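For reference, the structure discussed in these notes is given below.
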Amino acid sequence: MSPLDVTDLGYEPDRDPLLQVSELTVEYATARGSALAVDRVSFTLRRGEFLGIVGESGCGKSTLLFGIAQLLSAPAGITGGSAVFKGRNLVGLTERQLQSVRWSQISVVMQSAMNALNPVKTIGAQFRDVLRAHHYAADHAARSREVMELVGVDPVHLNSYPHQLSGGMRQRSMIAMALLFSPDLIIMDEPTSALDVVAQRSLMVQIKELQRELGFAIIFVTHDMSLVSHFSDRLIVMYGGQIAELGATRTVFDTPRHPYSAGLLDAFPSIRGPRLPLLGIPGTPPDLSDPPPGCRFAARCPQVMPACTESGPELYSVDQVLVRCLLHAPGQVSHQEVPA
Amino acid sequence: MRFLLRRLGFFVLTLWAALTINFAIPHLLPGSPVTAMMARYHGRLNGAALQAVESALGIDTHQSLFGQYLSYLKNCATFNFGTSVANFPTPVTTIVGTAIPWTLGLVGVTTVLAFLIGTAIGSIAAWKRGGKLDSVLPPLFVVGTGLPYFWVAIMLIMVFGEVNPWLPTAFGSDNTVTTGWNSDFIGSVLQHAILPAAAILVTSIGTWVLTMRNTMVTTLAEDYVRMARAKGLPGRRIMVDYAARNSILPNLTGFAMSLGFVVSGAVLVEYVFSYPGVGYQLVQAVDNEDFPVMQCLFLVITVAVLLSVLLADIITALLDPRTRSAR
Amino acid sequence: MTNLLRAIRHNGKAAAGLFILLLFLLMALVPGLIAPGDPARITPDTSLGISGQHILGTTAFGQDIWVQVVHGARPALLIAVVSGLFATVLSVLIGVSAAYLGGVWDDVLNLFTDVVLVIPTLPLVVVIAGYFAHHSISVMIIALVVTGWSYGARQLRSQALSLRNRDFLEAAKVRGERRSYIIVFELLPNMTSLIVANFLGAALYSILTASGLEFLGLGDVNTYDWGTMLYWAQNQSALQTGGYVWAAVPGLCIALLGTAFALLNNAFDEISNPALRPVRRLRVAA
Chain L
94 MSPLDVTDLG YEPDRDPLLQ VSELTVEYAT ARGSALAVDR VSFTLRRGEF LGIVGESGCG
154 KSTLLFGIAQ LLSAPAGITG GSAVFKGRNL VGLTERQLQS VRWSQISVVM QSAMNALNPV
214 KTIGAQFRDV LRAHHYAADH AARSREVMEL VGVDPVHLNS YPHQLSGGMR QRSMIAMALL
274 FSPDLIIMDE PTSALDVVAQ RSLMVQIKEL QRELGFAIIF VTHDMSLVSH FSDRLIVMYG
334 GQIAELGATR TVFDTPRHPY SAGLLDAFPS IRGPRLPLLG IPGTPPDLSD PPPGCRFAAR
394 CPQVMPACTE SGPELYSVDQ VLVRCLLHAP GQVSHQEVPA
Chain H
29 MRFLLRRLGF FVLTLWAALT INFAIPHLLP GSPVTAMMAR YHGRLNGAAL QAVESALGID
89 THQSLFGQYL SYLKNCATFN FGTSVANFPT PVTTIVGTAI PWTLGLVGVT TVLAFLIGTA
149 IGSIAAWKRG GKLDSVLPPL FVVGTGLPYF WVAIMLIMVF GEVNPWLPTA FGSDNTVTTG
209 WNSDFIGSVL QHAILPAAAI LVTSIGTWVL TMRNTMVTTL AEDYVRMARA KGLPGRRIMV
269 DYAARNSILP NLTGFAMSLG FVVSGAVLVE YVFSYPGVGY QLVQAVDNED FPVMQCLFLV
329 ITVAVLLSVL LADIITALLD PRTRSAR
Chain W
-4 MTNLLRAIRH NGKAAAGLFI LLLFLLMALV PGLIAPGDPA RITPDTSLGI SGQHILGTTA
56 FGQDIWVQVV HGARPALLIA VVSGLFATVL SVLIGVSAAY LGGVWDDVLN LFTDVVLVIP
116 TLPLVVVIAG YFAHHSISVM IIALVVTGWS YGARQLRSQA LSLRNRDFLE AAKVRGERRS
176 YIIVFELLPN MTSLIVANFL GAALYSILTA SGLEFLGLGD VNTYDWGTML YWAQNQSALQ
236 TGGYVWAAVP GLCIALLGTA FALLNNAFDE ISNPALRPVR RLRVAA
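So the protein sequences, as listed, match chains L, H and W.
Every position in the first sequence, counted from 1, becomes a number in the working numbering once 93 is added.
Every position in the second sequence, counted from 1, becomes a number in the working numbering once 28 is added.
In terms of the working numbering, the third sequence has 96 at position 101, counting the first letter as 1, and numbering is strictly consecutive.
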């Protein structure tokens, strides 16, 4: 798909989705050919929506995120599809064209602030350089202080180096930095994974509050399904580079339809309720350089059918949820009840 | 602060080690070279000169080995290195003193220049990874690291001095020109320095280019570089402020560590060009069996390297805020 | 092992380096076949240029340069390989022990390594050699080994440290294996490519320093090694008297051998650190 013209093509904030990803495909060049990391992923995101993407390591969720934000580097590359943000396809744009979108409209929060912040510059200096790069008109120092206070970090730490702050403070500083231009979309790649459980929750609560106050959309990638399900509006479950299930969080959480989603939920013990044996999902993720024919989850699926290894299922719509499973293919008369 | 104190401690420790090695070599080598050497001297020197050599090397047959060691240390601390054997009675400090400025000028300046230029080239090559620059230059520089210093010097003399007599190929300056701060002398000095400087530059620059490139490649894969891209920062700012500034730190350490090797090469270059620096004097001293001068020069070279290492450590402390915090 | 060989074949630099090395190896093994004659034989045909009878001309003493060059390969390779080997053994011993033993031992060994590393080697070796009236190759090799192990020790220690906490080592410990067993059979095999890179680096250092010493006249001036040839060339003012081939060719051989080691070293560096390998570019649809 060829990149659209640089000028906005009639984007109506109230009517059109903020972000529309269609058939996005990302591949890695390897010694033995190319590996498919993201396989024809499509979804939409509305203004102010909180979308969670969950999956195990290697399922392609981070790659998808960076693919949307055009932050991939060799040997990875987008080989198909589009990501239309406010009417403009980001795929194929040059760095210069992306300048107007980067940070001012889409910002990023990464997993480990210790790795994502430049160790030899102060926090304040790292705020300043992005403010300067985008020719921010108002007072830089005042704005920096403002965002720090928004996330609950004392602005005096603008003069500190990253290694001088605690993990939680560092993470919040990163979020503050992401808010500098009040962007429309913030993508977050496992921002709480490096924190302890208590800090995790308090950070999530704060993020949700900020979102309510400022109205930005969030795409939140994590492997921790139970954590994100408390805060997200919609949920995508990814497996083997493909969307396994997509729907409203409550629906997916309460009645997971894809056997993988069900397996993920079963792996997390409930803090209340009876003690049950923990069920894992046996087996390992598929080799993306040579994916198996048919459903990628077939080898590990407790409800596998002969048809599953022959042809890969498409996304089927069931009760406002999209599921990539033959159990829910139209015409499947009897499908077993998936335990919740 | 603690970082610097540790490095200062290292400096002192290594200095002591160098002094001890310097003392130990003549005394502990098999075949008792000391007695053999003294025997060779007996035919050539009179009593006073012999005494001078003995005290310079810390050889005093009346004292125990440890006693000799202590007086040797004392002598070094007071810069009492005795007199030269080959140029008796010139004090060693005079000979060494005149040689130091030449070496400082040539080797000092060229090494720093090679480091700076090499680092810059390495950063650019890493930044434009996969491009033409990166595929051609690194292999070229790898080849460069395999070239012997003195051979490059000889080749330069051959091409620029003999086959085409464009540049002077020996000595520090023209001996028809009067020494002093006049433009003729300075001009002559610079002219004579061109080929030796080129030899050192050509052979040492490869290492800096390669280590900087390799460090940068690792740094460019870091999250904070991706973050800088996400922020929409201009390319050059990312390369300099985020990538290079972080890559140069391990590079500085590497620079300090390989200084010993660079100095070794410089010694050979000086010898080939008969450039009147410390290295040239060292080889002359060895040829003339002028042991007091030999010992002192070795110390001078070692101290120079140690000081440079300390300087590199100080610069690292200035550039890397993590070293300044308490451990 | 097959992966290693495949990696070498794919790496252009390694292939070139290997080719040069094999050439010199051939010269070292059968010098008599390639260039029959006695390198030391003095004849009255002094300072001849290139001719049919003397492929590279003769020295100021009437010796055939081509014969000398070919016969010089053996001592050169010998010095490089023997010094390199011993220096690498020392590097592995000290570097890996420091990493594995940890604690006070690590600090002490580390300090020792750093001190030896910083002291400039050539001046030290020059001074050592200077005390001996008669110079031999074995003294030179000892001096090279004693000064050349420190850089490698540092590198190996780094890698051993990063491998130390990996699971497979923990598993071995849990199995009850002795520490020495773990180090030799579990840890070292994973460091092979870096150890080889170190050997090549040590060999490079040895050949360059050794020829430097010989050039200064501190080697055994009666052997016909490339460095010694250059010593004699300098001694007889070859450059000033037009003996360009005599002055250039031995040095060229040293440079080529050095380059071969440097290229292979670089290749093994890339093998042990995949991040340094050439990046593949994807054909992106747009």
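Ideal Cβ placement from N, Cα and C applies to all residues, glycine included.
Predicted model, so just to flag it, every value in this text is computed and none were measured.
{"Asked": "Exposed unless 16 or more other CB atoms sit within 10 angstroms - verdict on ARG254 of chain H", "Found": "buried"}
{"Asked": "CB contact below 8 Å: HIS256 of chain L versus chain H", "Found": "yes"}
{"Asked": "Cα-Cα separation between ILE374 of chain L and ALA360 of chain L, rounded to whole angstroms", "Found": "8 Å"}
{"Asked": "Beta-carbon neighbours of ASN230 of chain W, restricted to chain H and to distances below 8 Å", "Found": "What ASN230 of chain W touches in chain H: nothing, since even the nearest Cβ is about 11 Å away."}
{"Asked": "Residue of L:GLN304, L:GLY261, L:GLY217 and L:LEU339 minimising C-alpha distance to SER286 of chain L", "Found": "L:GLY261"}
{"Asked": "Short CB-CB distance (under 8 Å) between PHE210 of chain W and chain H", "Found": "yes"}
{"Asked": "Helix, strand or coil at GLU120 of chain L [DSSP, three-state]", "Found": "strand"}
{"Asked": "GLN235 of chain W classed as buried or exposed, judged by whether at least 16 other C-beta atoms fall within 10 angstroms", "Found": "exposed"}
{"Asked": "Local conformation of PRO119 of chain H per DSSP, three classes", "Found": "strand"}
{"Asked": "Distance CB(PHE169 of chain H)-CB(VAL120 of chain H) smaller than 8 Å", "Found": "no"}
{"Asked": "Nearest-angstrom Cα separation, counted from ALA243 of chain W out to VAL297 of chain H", "Found": "16 Å"}
{"Asked": "CB-CB length for GLN154 of chain W against LEU195 of chain W, believed under 8 Å", "Found": "The pair is not a contact, with the Cβ atoms about 16 Å apart (cut-off 8 Å)."}
{"Asked": "Within chain H, partners of HIS227 of chain L - CB distance below 8 Å", "Found": "GLY260"}
{"Asked": "Min CB distance ALA162 of chain L to chain H below 8 Å", "Found": "yes"}
{"Asked": "Residue(s) in a DSSP beta bridge with ALA128 of chain L", "Found": "L:TYR121"}
{"Asked": "Proximity test, Cβ basis, 8 Å: ALA10 of chain W and chain H", "Found": "no"}
{"Asked": "Exposure label - ARG225 of chain L; buried when at least 16 CB within 10 Å", "Found": "exposed"}
{"Asked": "Where GLU239 of chain L sits in the DSSP three-state scheme", "Found": "helix"}
{"Asked": "Residue from L:SER205, L:ILE161, L:VAL202 and L:LEU210 whose Cα sits closest to the Cα of LEU186 of chain L", "Found": "L:ILE161"}
{"Asked": "Extent of the continuous beta strand (DSSP E) run through ILE336 of chain L", "Found": "335 to 341"}
{"Asked": "GLN299 of chain L in three-state terms, based on DSSP", "Found": "helix"}
{"Asked": "Under 8 Å between C-beta atoms of THR330 of chain H and ALA46 of chain H", "Found": "yes"}
{"Asked": "Within-8 Å CB hit, ASP341 of chain H to chain L", "Found": "no"}
{"Asked": "Under 9 Å (Cβ pairs) to chain W, residues found in the segment 161 to 193 of chain H", "Found": "ASP162, SER163, PRO166, PRO167, VAL170, VAL171, GLY172, THR173, GLY174, LEU175, PRO176, TYR177, PHE178, TRP179, VAL180, ILE182, MET183, ILE185, MET186, GLY189, GLU190 and VAL191"}
{"Asked": "Expected contact under 8 Å - CB spacing of LEU111 of chain L and LYS179 of chain L to nearest Å", "Found": "7 Å"}
{"Asked": "Any chain H beta carbon closer than 8 Å to ARG195 of chain L", "Found": "yes"}
{"Asked": "Stretch-stretch touch, CB-based, cutoff 8 Å, three pairs: the segment 35 to 44 of chain H with the segment 336 to 352 of chain H", "Found": "yes"}
{"Asked": "Assigned secondary structure, PRO96 of chain L (DSSP; H/G/I helix, E/B strand, else coil)", "Found": "Only weak support exists for where PRO96 of chain L lies, its pLDDT of 42 falling under 50; the coordinates are left without a value."}
{"Asked": "Spatial distance of VAL180 of chain H from GLY246 of chain W (CA atoms)", "Found": "8 Å"}
{"Asked": "Residue interval of the beta strand (DSSP E) (run including ASP282 of chain L)", "Found": "278 to 282"}
{"Asked": "Residue span of the alpha helix (DSSP H) that contains MET203 of chain L, given as start and end", "Found": "Element bounds for MET203 of chain L: n/a, residue is neither H nor E."}
{"Asked": "Inter-stretch contact at 8 Å, needing at least 3 Cβ pairs: the segment 201 to 208 of chain W / the segment 133 to 148 of chain H", "Found": "no"}
{"Asked": "PRO212 of chain L: contacting residues in chain H (beta-carbon distance under 9 Å)", "Found": "TYR252, ASN274, ASP348, PRO349 and ARG350"}
{"Asked": "Separation of LEU18 of chain W from SER286 of chain H, as counted between CA atoms", "Found": "30 Å"}
{"Asked": "Boundaries (first-last residue) of the alpha helix (DSSP H) holding TYR409 of chain L", "Found": "Note, TYR409 of chain L: premise wrong, no alpha helix (DSSP H); beta strand (DSSP E) at 409 to 411."}
{"Asked": "Where ALA209 of chain L meets chain H, residues with beta-carbon distance less than 7 Å", "Found": "ASP251, TYR252 and MET255"}
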